[in-house]
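FYI, the numbering for the sequence shown is 1 to 174, going by this note's numbering. In this text, a Cβ means the ideal position worked out from N, Cα and C, and glycines have one as well. Report on the structure given below.
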Amino acid sequence: MPKKDTAKRIAMYGVFSSLAIIMAYIERLFPMQLLVPIPFVKLGLANIVVVMALYAFGVRAAFAIAVLRIGVVALLFGNPFSFAYSLAGGMASFAIMVLVQRTNVFGVVGVSVFGGVVHGVAQLAIGAALVRTVGLFYYSPVMIIAGVVTGMLIGYTAGFALRNIKIIQRVGGA
1 MPKKDTAKRI AMYGVFSSLA IIMAYIERLF PMQLLVPIPF VKLGLANIVV
51 VMALYAFGVR AAFAIAVLRI GVVALLFGNP FSFAYSLAGG MASFAIMVLV
101 QRTNVFGVVG VSVFGGVVHG VAQLAIGAAL VRTVGLFYYS PVMIIAGVVT
151 GMLIGYTAGF ALRNIKIIQR VGGA
């Protein structure tokens, strides 16, 4: 692969990583509880970037972007517990999105919905393990519904952005 292509790809990964970190920061500025007063529910704006990276760059790059975002956001704004929750949710979500994408049955929105649902359930699992009670799983219906709704919003947004990126590339703007 020519050096120019490698440099361009690395630069794009950096842009996507930065964008994911910025979107996570923006989401922290405007807590979801202002819009929907349901505890532990977040929109997951940074996941727009991860879903886009999965489709635009592939599994390895999207994984690197997801892990980098989780780590940097935890270092800047979190604590060990928020890191544990984010890592559990993010990695479980990523794994299911890769598996669902590979089936070629669902589009961007479907992949994102699966990711959103699994993210919430994985966070409940890590919470149940940390506090040593399965009682947290009574909250599963709320997290599943929230995962479907936020997954749809994230998926539609990522799909829209991916379509527009392809149009720009076709016209020669990038």
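Q: Report yes if the CB atom of Val100 is closer than 8 angstroms to the CB atom of Phe114, and no otherwise.
A: Yes. Within cutoff.
Q: Look at Ala88 and Ala122 and say whether their C-beta atoms are less than 8 angstroms apart.
A: In contact: Ala88 and Ala122 (Cβ atoms closer than 8 angstroms).
Q | Cα-Cα separation between Ile144 and Leu34, rounded to whole angstroms | A | Those two C-alpha atoms are separated by around 20 angstroms.
Q | Close beta carbons around Ala84, own chain, < 8 angstroms, minus the five adjacent residues each side | A | Around Ala84, the same chain offers Ile126, Leu130 as residues with beta carbons nearer than 8 angstroms, after the five sequence neighbours per side are excluded.
Q) Taking the alpha carbon of Arg9 as the point to measure from, which residue in Ala61, Ser86, Val50, Met91 has its own alpha carbon closest? A) Closest by alpha carbon: Ala61.
Q: At 4 residues or longer, and completely inside the stretch 2-63: list those alpha helix (DSSP H) runs for me, N to C.
A: Listed in chain order, the alpha helix (DSSP H) elements of length 4 or more contained wholly in the stretch 2-63 are 3-29, 46-56.
Q. Assuming Leu136 contacts Tyr55 under a Cβ cut-off of 8 angstroms, what Cβ separation, rounded to an integer in Å, is found between them?
A. Contact doesn't hold; Cβ gap of about 33 angstroms is too wide.
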